Amino acid sequence: MRALNPPDCSAIRAELRSILHTADWPPEAIGDAELAFQELFINAWQHGGCPAPAVLVSLRPTVLRVAVCDDCPTLPEPRPSADPYAESGRGLHLVHALTHRSGAHPTKTGKVTWFELDAAA
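All residue numbers for the sequence shown refer to the working numbering, where the first residue is 1 and numbers rise by one.
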């Protein structure tokens with residue numbers, strides 16, 4: 001049975017923030033990365049049925065890549081027209097709006113959902 005509350009991702013968010021701050025990324029980009037990460041993490045827990053999603057963070061000189069892994073093979077699809085007053089359903093739209101690239105691909109045991117964010121020029 002799945003826990004009623006999502007797992008705490010604040011430590012991962014803090015680490016992501018620290019990595020980007022140390023790399024001199026602008027505060028707006030750091031905020032975008034944190035929010036996009038949290039959306040993917042909560043989606044992996046809520047829709048992927050994963051009690052503790054695995055997170056992979058890669059920072060190349062100008063590109064951040066964050067990937068969240070879960071146990072469900074169903075690839076995520078944005079809802080066609082999310083109700084602006086609904087409590088859920090806008091997460092993937094938000095990730096697409098905040099990042100430069102995003103997507104998902106199947107794995108042997110589920111899927112990986114990811115985004116990339118470019119450093120400010």
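Just so you know, even glycine gets a beta-carbon here, dropped at the ideal spot from N, CA and C.
Keep in mind it's a predicted model, so treat the numbers as computed, not measured.
Assigned exposure category for residue i - 16 Cβ within 10 Å defines buried
i: T127; result: Past the boundaries of the shown model lies residue 127; the chain is included only from 1 to 121, so the question cannot be answered.
i: S102; result: buried
i: L56; result: exposed
i: G31; result: exposed
i: L16; result: buried
Test item: CB-CB of residue i and residue j under 9 Å
i: L178; j: W25; result: Missing from the structure shown is residue 178; the chain here goes from 1 to 121 and no further.
i: Q111; j: C72; result: Looking at the sequence itself, residue 111 is Lys, so the reference to Gln does not match. Yes, these two residues count as a Cβ contact at 9 Å.
i: F41; j: P7; result: yes
i: A14; j: A119; result: no
Cβ neighbours of residue i in the same chain (closer than 6 Å, five flanking residues each side left out)
i: N124; result: This structure leaves residue 124 out entirely; the chain is present only between 1 and 121.
i: A104; result: L75, P76, K111, T113
Terminal residues of the alpha helix (DSSP H) in which residue i lies
i: P27; result: 27 to 46
C-alpha gap between residue i and residue j, whole angstroms
i: C9; j: A23; result: 21 Å
i: C69; j: T113; result: 6 Å
i: A54; j: F37; result: 12 Å
i: G49; j: V66; result: 19 Å
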